[in-house]
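In this note's numbering, the protein residues as written are 646 to 741. For each residue, glycine too, the CB sits at the ideal point set by N, CA and C. The model shown is predicted, which means the values in this text are computed figures rather than measured ones.
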Amino acid sequence: MPQFSVDSDQIIATSNVVQAGIERLRAEAHSLTAQVNNLQGAWAGQASSAFQAAAGDWRTMNLQVDAILAALGQSLGSAGTHYAEIEQANARLFLR
């Protein structure tokens, strides 16, 4: 039979730290994207076309990273909550 030990408070605390980090990353990515968008009109020609393609890649990758981080944060939060609820339910089984 598998054995495990979980500190749900630590999982929830880590989830909160991850969420705060995600928000900081989103703000920084938004700022960088604005700078990149402003630069797109700075020149024309082949270099501009290549830059616009790279900027498009940046936006695509940024969306992917954001989605992955959001899923990680949500999973951590859910795991911590579920473990805490299970522990409380198990404790109630033995109340007199």
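- Between E732 and N682, the alpha-carbon positions lie close to 50 angstroms from each other.
- Membership of Q719 in the alpha helix (DSSP H) is indicated by the continuous run 691 to 738.
- D711 and A692 have their C-alpha atoms some 28 angstroms from each other.
- Secondary structure at D654: helix, using DSSP grouped into helix, strand and coil.
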